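Counting from 1, one number per residue, gives the positions in the sequence shown under UniProt numbering.
The beta carbon of each residue, even a glycine, is placed where N, CA and C say it ideally should be.
Computed from a predicted structure; not experimentally measured.
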Amino acid sequence: MPGAARRLAGRAPRRHFRHRRPQRRRQVDAAAHDQPAGDARQRRRHRRRTRPDAAVAARSARGAARHRHGLPAVQRVVEFNDYVQPNFALAEGSLDANVFQHSVYLNKFARDHKLALAELVTIPTAPIAIYSRRHRSLDEARAGTTVALPNDPTNQARALVMLAQLGWIALRPDADPVKASEKDIVRNPRGIKLLPLEAAQLPRALQDADYAFVNGNYALASGLKLADALRTETISRNYVNRVAVRSGDLNKPFARDIAAYRSRAFLAWTEQHNPGYAKTDYQLAMLAQKKP
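Put into structure tokens, the structure is as follows:
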């Protein structure tokens, strides 16, 4: 998800929907990573939040998609700077799909804004993690330590649960781990100061805060490495990012094209280039089949 975030793009004005040969290479904007390509009849734009898990991972699926499943032959990737506009753009029809969010965020956003959006397929996901430019260990936390964390409800809850696991705070016993907020904090024995910020601002917050929770897509975009994280979240299935589409498009040809994410070639690329990413159920199933 909010975590990662890129959106498989959508419908541009009709004049941009020119038929292309499947062999023709797709177009992406200068900031984008390669995306899966293959046998598609129409050009589709891809939009993404920032340099995310999905964008990085999709590079691998291109060959598999071309030969096996087929994704749009011509694509374009455009950046987003927040976790709000990608879903509105998808719902209004300017996108065909987006890739940046986990199911908790998707379901809440769609419910709150009465949008007909649905999950299509999960993707490998970089976890939310704690980083610091001032400290080499979490043991260096002292009274007054500043901790920057996401201000959106679902990702803030993840950060608070991790802080509770560290013993830096205590949450109400009946607090819902998916909906926990600062109001649920009952103890703060270390006297840490919480700094809620927009997720996009968290990498920059490392210049001033002692520690910062950074979502995987923003960590990668800012040059942070998962190996440098002081603590990473163990991602539950609810927090694995997914491709989202309009509910009415679930059975459209372009949606079936996105099945390239389920290829073994994509799994191989993920293992080689994305160590530390949470794998999807279908990838775990493929790995289990390899075992004697």
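- DSSP assignment within the region 201-237 yields the following whole beta strand (DSSP E) runs of 3 residues or more, N-terminal first: 211-214.
- Here ALA143 is exposed: its Cβ has fewer than 16 other Cβ atoms, across all protein chains shown, within 10 Å.
- If you look at PRO153, you'll find it in the alpha helix (DSSP H) that goes 153-166.
- Contact between the region 123-137 and the region 217-234 is present: three or more C-beta pairs spanning the two stretches fall below 8 Å.
- Our two residues, ALA265 and ALA278, have alpha carbons roughly 17 Å apart in a direct line.
- The beta carbon of ASN188 sits closer than 6 Å to the beta carbons of ILE169 from its chain, once the five residues preceding and following it are set aside; these are given in chain order.
- Within the region 104-140, complete beta strand (DSSP E) segments of at least 3 residues are found at 117-122, 129-131, given in chain order.
- TYR239 has its alpha-carbon roughly 13 Å from the corresponding atom of GLU119.
- Between the C-alpha atoms of ARG158 and PRO177 there is a straight-line separation of about 7 Å.
- Look at the region 164-189 and you find these whole runs of beta strand (DSSP E), each 3 residues long or longer: 185-187.
- Taking 8 Å as the cut-off, the Cβ atoms of ALA255 and VAL245 count as close.
- Here ASN87 carries a helix assignment [DSSP, helix/strand/coil].
- Apart from sequence neighbours up to five positions away, the residues of its chain that approach THR232 with a beta-carbon distance below 6 Å are PRO127, ALA129, ordered along the chain.
- Beta-bridge partners assigned by DSSP to ALA244: ASN98, GLU119.
- When the five nearest sequence neighbours on each side are left out, the beta carbons in the same chain lying within less than 6 Å of the beta carbon of THR122 are those of VAL240, ARG242, THR280, in order along the chain.
- Boundaries of the beta strand (DSSP E) around LEU149: 146-150.
- Boundaries of the beta strand (DSSP E) around PRO196: 193-197.
- Inclusion of ASN151 and PRO196 in the CB contact set at 8 Å is warranted, their separation being smaller than that value.
- Inclusion of LEU230 and LEU138 in the CB contact set at 8 Å is warranted, their separation being smaller than that value.
- Ranked by Cα distance from ASN251, the first of ALA89, ASN87, ASP96 is ASP96.
- By the Cβ neighbour-count rule, ASP210 is buried, with 16 or more other Cβ atoms within 10 Å of its own.
- Our two residues, ALA110 and SER236, have alpha carbons roughly 21 Å apart in a direct line.
- A Cβ-Cβ contact shorter than 8 Å links ILE185 with LEU171.
- Going by DSSP, THR280 is part of no alpha helix (DSSP H) at all; its letter is neither H nor E.
- Put simply, of LYS290, GLY248, ASP249, ASP257 the residue whose alpha carbon is nearest the alpha carbon of ALA268 is LYS290.
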